[in-house]
């Protein structure tokens, strides 16, 4: 497993150089504008809790790897609650009728957000514990880059309005950085897993798949944030989720 973890680290460093993260760090852009991708991010966030509950979790189990995964899913399955709170604090929680809400969430505009969730589901449904673990490790590496950057934006917003943002801010980042999977014992145990050559090859392919998937995803988030009309979204009208 050491080779797989090393590959994840390599891909993580490449991922951190994407334009999306440069955009998030650009202080010449208002911080709320930089988080303007949030509505587009919604299908993935809401689906992620269900991945943990219904796809990755498998109880009861005698498999030590699945036991690690199960514990992790309990730590990660309810972060969508913080996300909904942050949407409201950011001013995205304006009134839309039900039909317009459905039209937005199934629009081509955010198809990639839905597809990202679907692809992870496809790669991990009924998968072996080791394959699920590899996907989770890759996603956690991606989340580390994402949250370490959004936390900086959330800090700027807190200085400006005195509001804490749990999902995009330090609360989420701190909890994600201290999962049970990150304990010394778990890290050593995972690192020492011996993989057959064919399984290692499959694991490396899964890592590549996850980083390709999320690289495409953050490109879409970047485009959405760049074109999002934030000032118009603060008006109580049906243009809240529109982009120019």
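Numbering (this note's numbering), first residue to last: 660 to 903. Where is the CB? At the ideal position from N, CA and C, for every residue including glycine. Please read all numbers here as calculations on a predicted model, not as lab measurements.
Closest in alpha carbon position to residue 808, among 675, 777, 715, is 675. Per the coordinates, the alpha-carbon of residue 684 lies some 30 Å from the alpha-carbon of residue 731. Of all alpha-carbon atoms in 682, 664, 826, the one lying nearest the alpha-carbon of residue 878 is that of 682. A Cβ-Cβ contact shorter than 8 Å links residue 881 with residue 678. Of all alpha-carbon atoms in 887, 699, 662, the one lying nearest the alpha-carbon of residue 771 is that of 699.
Per DSSP, residue 854 lies in no alpha helix (DSSP H) and is assigned neither H nor E. For the pair residue 763 and residue 826, the CB atoms are not nearer than the 8 Å cut-off. For residue 849 against residue 660, the beta-carbon gap comes to about 6 Å, under 8 Å, which counts as contact. For residue 733, the secondary structure class from DSSP, reduced to helix, strand or coil, is helix. A distance below 8 Å separates the beta carbons of residue 858 and residue 789. Here the segment 860-870 makes contact with the segment 663-671; the two share three or more CB pairs at distances below 8 Å. When the five nearest sequence neighbours on each side are left out, no beta carbon in the same chain lies closer than 6 Å to the beta carbon of residue 673. With a 10 Å radius around the Cβ and a threshold of 16 neighbouring Cβ atoms, residue 793 comes out buried. For a cut-off of 8 Å, the C-beta gap from residue 703 to residue 751 is around 15 Å, too long to register as a contact.
If you look at residue 667, you'll find it in the alpha helix (DSSP H) that goes 661-674.
The straight-line gap separating the alpha-carbon atoms of residue 748 and residue 840 is approximately 31 Å.
With a 10 Å radius around the Cβ and a threshold of 16 neighbouring Cβ atoms, residue 740 comes out exposed. Contiguous alpha helix (DSSP H) elements confined to the segment 755-785 occur at 757-764, 770-783, taking only those with 4 or more residues. The beta-carbon separation of residue 812 and residue 690, rounded to 5 Å, stays under the 8 Å limit for a contact. Taking the Cα positions, residue 835 is about 12 Å away from residue 810.
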